[in-house]
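Chemist: Under our numbering, think of the first position of the sequence shown as 96, with each following residue one higher.
We put the beta carbon where it would ideally sit given N, CA and C, even for glycine.
In this text the structure is predicted, and so the values were computed from the model without any measurement.
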Amino acid sequence: MQIFTLVVSILNFLGIVQGAGSAIKGTGSTTRQWSCCKNSCSWPGKALVDKPVLTCDASDNLLDNYNRRDGCESGGGSYACSDLSPFAVSNDLAYGFAAVNLAASNESAWCCSCYSLTFTSGPVNGKKMVVQVTNTGSDLGEDQFNIAIPGGGEGAIRGCTKQYGGQDVWGEDFGGVAHRDDCEALPTALQAGCYWRFDWFRAADNPTINWEKVTCPEALSSTSGCRRNDDPIPGQNTPSPTPTTSAPISSGTVQPGGQCGGRTYKGPTRCVGGTVCTYVDENSYYCLADPASTRTTPTTTTSASAMPTISLPYDRCGGNGWTGPTTCKDSVVLIMPTTSFIAEIVELAASDYR
C-alpha cells in the first residue's frame with residue numbers, strides 16, 4: 096500500500112511539473128468578474144507557495160485563518176479582499192489579478208503565477224496587463240483569463256450581495272455595471288477598481304489576448320501575499336509599456352488638456368480634438384495629444400492678449416502664477432499636471448506630432 100501511494104505521489108508531482116513547463120505562452124480570451132467569494136488560491140495546500148492569497152472578512156478586514164469557510168457558502172465568512180482590484184502602472188501597462196483555465200496546466204502550477212496579457216482586440220489593442228492568478232475558473236474555456244474587476248459581475252452565486260447585503264448595485268450577474276457612473280454606488284473600497292475598467296481599460300468587452308508566463312512583479316505578490324517557490328522564472332521579465340493608439344469608449348466630451356478619468360473623477364471621459372485619454376497617475380487621466388497621430392497640422396493654443404512669441408521648444412508658456420509669454424512658435428501646447436501647478440503648459444516641437 097505504501098509503494099502504491101508513493102507511485103501515485105510521484106506521478107502527481109510529474110504531472111504538476113509538466114503542466115507548469117508546457118503552459119508558458121499562447122493565445123486566449125478574457126472575461127471579467129468580481130464575485131466577492133473566497134479565491135481558490137486562498138486555501139492552503141493548493142500550490143508550492145510561501146503562503147496562500149490573502150482573504151478578508153465581510154467588512155474587508157484581513158483574516159489570519161486561511162481555513163475559514165468561503166463566505167459564499169452557508170456559515171462562511173471569508174471573502175476576496177478589495178486589495179485585489181486592478182490598477183494602472185502607466186498608460187499602457189496595468190497590474191491586476193485573475194482566475195484562469197489553461198489547457199496545458201493545472202491549479203498547482205498556476206496558483207500565484209503571473210502572466211503578461213497583450214490585448215489584441217478592442218479599444219485596448221496593444222496595451223499590456225500583468226495578472227497574478229488568484230483563482231481557478233472551473234467554468235472557463237481553455238486559455239481563458241477572467242480578470243477580477245469590481246463591478247464586473249458577481250456571478251450566479253451573487254457573492255457580493257452575500258458580503259455587503261441586499262443592495263442592488265452590482266449590475267448584471269455576468270457583465271456587471273453598464274456605466275462609469277454606476278461605480279459610485281459600489282462600496283468605497285471597490286470604486287477605484289470599477290473606475291479602472293472605464294478609464295485605463297476603456298470599457299473593453301472581453302478582448303482577446305496573447306499571454307505569456309512572467310516573473311511576478313513585487314507590486315502583485317506583495318499585495319496578494321503570495322509568491323511561488325519557483326518564481327522568478329529564469330530569463331523572463333515583466334513587460335515595459337509600449338505605445339498604443341486606441342481611443343476611449345465613454346460618454347461626454349473633454350477638450351484637449353482636460354481631465355477625462357481617475358479614481359474619484361465623475362465627469363465626461365471622451366476626448367476630442369485629436370487627443371486620447373492618457374494615464375498620468377491613478378487619480379488623473381488627461382486628454383493629451385496622441386504621439387502616433389498622422390495629422391499634418393498640430394493643435395495650437397494662443398493667448399488672447401498680445402504677448403511676445405516664445406522662440407525655443409520646451410519653454411514654459413503657462414500655469415498658475417505664470418506672467419510670461421504664452422504664444423508658441425512652430426510648436427504645440429501640452430498640458431502636464433504637476434505637484435507645483437494645477438496645469439503647467441509645456442511646449443513641444445511641432446515635428447514631434449507629424
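(1) So residue 142 and residue 206 are in contact, right, with Cβ under 8 Å, and what is the actual spacing, rounded?
(2) Pull up the distance between the alpha-carbon of residue 251 and that of residue 312, whole angstroms please.
(3) Let me know the secondary structure DSSP gives residue 308 once reduced to three states.
(4) Give a yes or no on whether the C-beta atoms belonging to residue 166 and residue 258 are separated by under 8 Å.
(5) Residue 185 to residue 267, Cα distance in whole Å?
(6) Determine the burial state of residue 230: buried for a count of at least 16 other Cβ atoms within 10 Å of its Cβ, exposed for fewer.
(7) Buried or exposed for residue 154, please, with buried defined as at least 16 other CB atoms from any protein chain shown within 10 angstroms of its CB.
(8) Determine the DSSP secondary structure at residue 298, reduced to helix, strand or coil.
(9) So for residue 123, helix, strand or coil by DSSP?
(10) Take residue 256 as the anchor and find which of 158, 127, 168, 136 has the nearest alpha-carbon.
(11) Please classify residue 317: is it buried, with 16 or more other beta-carbons within 10 angstroms of its beta-carbon, or exposed?
(12) Any chance the segment 195-202 sits against the segment 171-179, with 3 or more Cβ pairs inside 8 Å?
(13) Tell me whether the segment 278-285 and the segment 294-312 touch, counting them as touching only if at least three CB pairs, one residue from each stretch, are closer than 8 Å.
(14) In whole angstroms, what is the alpha-carbon distance linking residue 275 and residue 131?
Modeler: For this structure:
(1) 4 Å
(2) 32 Å
(3) strand
(4) yes
(5) 30 Å
(6) buried
(7) exposed
(8) coil
(9) strand
(10) 168
(11) exposed
(12) no
(13) no
(14) 20 Å
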